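In what follows, a single structure is set out as structure tokens and then discussed.
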Amino acid sequence: MRLTLYAVGNKMPAWVSEGFNEYCRRFPRDMSFDLIEIPPGKRGKNADIARILEKEGELTLAAIPKGNRIVTLEVEGKPWTTPVLAQQLERWQLDGRDVALLVGGPEGLAPACIKASEQKWSLSPLTLPHPMVRIVVAESLYRAWSINNNHPYHRE
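Numbering (the working numbering), first residue to last: 4 to 159.
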């Protein structure tokens, strides 16, 4: 199974890339974890935010291969504890499809992305900085994998 994080935004600080890549490299070959960056729309003081969101949504959905399970990261989604996330990860593996995890830009995800999602996951009731979300998602999924595989990382 392949996990892919589709995130609106690019030009992240080095610490974000380093943190994300640190966890991605730990995943086993039979469960890769990748990042696809979606270019954000230009935001100015008179920007048409609805149109920008729509375009970001189109680009995001176009980048996802057909048949993937789509999971959106949203404040209004379900909060999963680490053990529940481990169970979700196991279910996803048994489902046999690749998983696309979607993170929006400053205004969140486009309505089309939310509509296309099969599951909505909330990392926190707080609005988190989007660069930080990348690292939190990667670490959380790696920890879930470590639980399912009796790896010592979870007990460290």
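We put the beta carbon where it would ideally sit given N, CA and C, even for glycine. Here the structure is a predicted model, which means the values were calculated and not measured.
Give the C-beta separation of residue 128 and residue 78 to the nearest angstrom, bearing in mind that I take them to be a contact with Cβ-Cβ under 8 Å.
-> 6 Å
Count the other C-beta atoms from every protein chain shown that fall within 10 angstroms of the C-beta of residue 43, then say buried if there are 16 or more, exposed otherwise.
-> buried
Under 8 Å, do residue 119 and residue 23 count as touching if we go by C-beta distance?
-> no
My understanding is that residue 106 touches residue 136, with C-beta atoms under 8 Å, so please give their C-beta distance in whole angstroms.
-> 5 Å
As assigned by DSSP and simplified to three states, the class of residue 54 | helix
Run the CB neighbour count on residue 18, radius 10 Å, all protein chains shown included, and call it buried at 16 or more, exposed below.
-> Classification of residue 18: exposed, given that the 10 Å Cβ count is below 16.
Run through DSSP, which three-state label would residue 7 get?
-> strand
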